[in-house]
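Student: Final position of the sequence shown in our numbering is 196; the numbers increase by one with none missing.
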Amino acid sequence: MQLKEISQLVETSIAGLKLDVSTSRGAKDGQWSLKIKDASVWIDAFDFPNNPGRFYLQVMSPLCAVPDKKADEFAWDLLEINYNLYGCAMCKKEGWLYVLSLREAAGLDQSEVDAIIDRVSFYSTDYYSKLSFKYQGCWLPKPPASGKAPGSPQ
Numbered sequence: 043m044q045l046k047e048i049s050q051l052v053e054t055s056i057a058g059l060k061l062d063v064s065t066s067r068g069a070k071d072g073q074w075s076l077k078i079k080d081a082s083v084w085i086d087a088f089d090f091p092n093n094p095g096r097f098y099l100q101v102m103s104p105l106c107a108v109p110d111k112k113a114d115e116f117a118w119d120l121l122e123i124n125y126n127l128y129g130c131a132m133c134k135k136e137g138w139l140y141v142l143s144l145r146e147a148a149g150l151d152q153s154e155v156d157a158i159i160d161r162v163s164f165y166s167t168d169y170y171s172k173l174s175f176k177y178q179g180c181w182l183p184k185p186p187a188s189g190k191a192p193g194s195p196q
């Protein structure tokens, strides 16, 4: 499956969510950024320079920053949560946690793209709510330069 075909599937999903496809497109072909309920969702269709033509679809949503307190307990909870996720995972990159779905684009169809976007946005919204409640007060205030409210986990 090539970028043009993947893009058509993704943009059909975006339109199905009643979102503006043109404002969702990123700076490069194969990139989209959406807001679904309280979740920011980033979609990327890409290939690797060392393996051109073999495309992948990645859908991810920032969940929250790694907490400053109770990080070990938080990590154990994430492992338990990961067991219950379907077609997604929670992962850490630098100081942030994300809900992520990554797969080869070969054999991808419309219903799967719809389901991936739905799962990532649902899990992000749902678990942000649960984790920010359970670990309230575990994030230290951050400088406002980040564009986030001080003390906000997301």
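Cβ atoms here follow ideal geometry from the backbone N, Cα and C, with glycine treated the same way.
1) CA-CA distance, Gln50 and Lys77?
2) Determine, using beta carbons only, whether Tyr177 and Lys135 come nearer to each other than 8 Å.
3) I'd like to know whether the C-beta of Gln100 is nearer than 8 Å to at least one C-beta of chain B.
4) Give, in chain order, every unbroken run of the beta strand (DSSP E) that is at least 3 residues long and sits entirely within the stretch 115–181.
5) Who pairs with Arg67 in a beta bridge, going by DSSP?
6) Use the C-beta contact count for Tyr98: other C-beta atoms within 10 angstroms, 16 or more gives buried, fewer gives exposed.
7) Could you spell out the range, first to last residue, of the beta strand (DSSP E) harbouring Val83?
8) When you compare each of Ser75, Gln73, Phe164 to Met132 by their alpha carbons, which one comes out closest?
9) Answer yes if the stretch 171–186 comes into contact with the stretch 149–162, meaning at least three C-beta pairs across the two stretches below 8 Å, and no otherwise.
10) Cβ atoms of Tyr140 and Pro109: under 8 Å apart, would you say?
11) I need the DSSP call for Val101, collapsed to helix, strand or coil.
12) First and last residue of the alpha helix (DSSP H) that includes Gln50?
13) For Gly68, count the other beta carbons within 10 Å of its own beta carbon; 16 or more makes it buried, fewer makes it exposed. Which is it?
14) According to DSSP, is Pro94 part of a helix, a strand, or is it coil?
15) Leaving out five residues on either side along the sequence, give the residues of the same chain with a beta carbon under 7 Å from the beta carbon of Leu127.
16) What does Ala107 pair with, by DSSP beta-bridge criteria?
Tutor: Looking at the coordinates:
1) 19 Å
2) no
3) This model lacks chain B altogether, as it is built from one protein chain only.
4) 131–135, 138–146
5) Trp74
6) buried
7) 81–90
8) Phe164
9) no
10) No. Outside cutoff.
11) Val101 falls in the strand class under three-state DSSP.
12) 45–58
13) Exposed, by the Cβ-count rule.
14) Under the three-state reduction of DSSP, Pro94 is assigned to strand.
15) Tyr165
16) Trp138
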